[in-house]
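Read through the structure below, which is laid out as structure tokens, and then see the notes.
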Amino acid sequence: MHREQPEEAPEGYVDIRYVVEPNYAGWRLDEYLAQKIRRMSLERLQGVILRGVLCDERRLKPSTPVYPGLSFRLRRRASEEPPTPTELPVVFQDDWLLVLDKPAGLPIHPSARYQKGTLVTLLRERFGERFAEPAHRLDRETSGLVVCGRTTESCRVLGRLFVSRDVHKEYLALCEGHPPEDTFTVEAPIAEGTELIRIAVRIDPVAGKESRTRFQVLRRFTRDGAPFALLRCFPETGRQHQIRIHLHHAGFPLVGDKMYGPDPGYFDRFSKRCLEPEAWERLRLPRHALHAARIAFPHPGSGEEVVFESPLPADLVDFMGR
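Heads up, the sequence shown is in the UniProt record's numbering, so the first residue is 1 and it goes up one at a time.
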């Protein structure tokens with residue numbers, strides 16, 4: 001049966017398209033979107049769903065259970081979108097997997113601020129619909145390896161692997177200061193939300209969830225008279241912003257981190273596009289210095305371990321003075 005093409009968004013509006021991934025099967029629609037649009041409260045999202053969700057198959061409510069492959073659009077007023085990188089280097093591809101080396105500055109999913117300049121949008125433009133879906137997330141400013149599933153079964157298996165602790169991840173980071181020990185561990189419970197920033201996390205011994213990260217100092221160096229270090233980071237749990245908040249807690253914040261760096265007000269002013277030149281000078285880099293450098297996990301088809309690596313990108317190498 002022929003299905004009519006969805007109407008185009010009127011001038012001044014944009015449609016953000018979502019296709020539900022297998023690992024979200026059975027979730028409520030508002031909870032699913034809360035994972036995708038983290039800056040928006042659940043209450044606001046429920047209002048957006050009631051006013052602006054377009055689905056050809058059925059009427060959707062905040063409480064509607066979603067299922068893999070469900071496609072819908074959010075219609076929103078268009079706003080000027082910041083430029084984002086357009087390159088999408090492929091590290092590995094087979095019938096099950098697509099592994100990408102995401103550049104810093106590229107968000108993975110569409111959001112309130114980014115609709116077209118996202119990894120998911122670039123994937124669909126270059127490879128077609130349903131070619132691959134990201135199995136996990138990286139922050140927009142974090143560079144490095146992103147694993148995508150290419151089949152429903154692959155997405156389902158990868159979803160289970162990333163929720164469990166069967167995926168081994170290693171990151172490279174540039175931090176402020178010289179950690180005194182060559183190896184150290186931060187074990188501090190993480191809870192979501194702070195007084196200033198809803199999407200930030202905090203260390204909270206009462207409300208926080210168990211979180212542990214190991215760090216190895218690879219190099220200590222000095223730049224403009226200030227101490228810095230290159231670290232290899234081994235997150236043993238998978239909390240949001242875990243490496244960033246653990247380094248802040250240890251007294252060695254990431255270079256360029258507007259959320260957990262030298263001033264808690266930086267992120268708010270950056271979001272409003274009014275961060276002052278002095279703040280940029282203090283941050284030293286236009287993005288936080290974190291790179292997803294290595295990932296290992298059982299292949300969803302064969303079950304044998306596969307390992308992928310990505311070298312430290314040029315902006316972070318240049319910061320160290322080569």
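Cβ atoms here follow ideal geometry from the backbone N, Cα and C, with glycine treated the same way.
In the DSSP annotation of this structure, the continuous segment of the beta strand (DSSP E) that includes Pro298 starts and ends at 290-298.
Counted as a single uninterrupted DSSP element, the alpha helix (DSSP H) harbouring Lys36 occupies residues 29-36.
The three-state reading of DSSP puts Pro205 in coil, since its state is none of H, G, I, E or B. Beyond the five residues adjoining it in sequence on each side, Ala25 comes within less than 8 Å, by CB distance, of Val66, Tyr67, Pro68 in the same chain, given in chain order. Where Ala314 is concerned, the enclosing alpha helix (DSSP H) starts and stops at 314-319. The Cβ neighbour count for Leu97, taken over all protein chains shown within 10 Å, is at least 16; the residue is labelled buried. For Glu187, DSSP records a beta bridge to Arg212. Beyond the five residues adjoining it in sequence on each side, Ile295 comes within less than 6 Å, by CB distance, of Leu145, Lys169, Phe308 in the same chain, given in chain order.
For Pro311, the closest C-alpha among the options Met320, His291, Asp204 is that of His291. In this structure Pro103 is in contact with Pro85, their Cβ atoms being roughly 4 Å apart against a cut-off of 8 Å. If you draw a straight line from the Cα of Arg220 to the Cα of Pro298, it is about 34 Å long. Cβ-Cβ separation between Arg214 and Thr185: approximately 5 Å, consistent with a contact (criterion under 8 Å). Take the alpha-carbon of Cys55 and the one of Arg73: they are about 6 Å apart. No Cβ-Cβ contact shorter than 8 Å links Leu275 with Phe228. Between the beta-carbon of Gly256 and that of Leu218 there is about 18 Å, and that puts the pair past the 8 Å contact cut. Ala188 sits away from Ser154, with the two beta carbons spaced by 8 Å or more. Residue range 226-235 is occupied by the beta strand (DSSP E) that includes Pro227.
By the criterion of a C-beta distance shorter than 6 Å, Leu70 is surrounded in its chain by Val20, once the five residues flanking it on both sides are discounted. Excluding sequence positions up to five before and after Gly105, its CB lies within less than 6 Å of the CB of Thr84, Pro85, all in the same chain and listed in chain order. Judged by their CB atoms, Arg137 and Ile108 are nearer to each other than the 8 Å cut-off. Judged by DSSP secondary structure, His246 falls within the alpha helix (DSSP H) whose first and last residues are 242-250. With a contact defined as Cβ atoms closer than 8 Å, Val206 and Gln240 miss out at about 18 Å.
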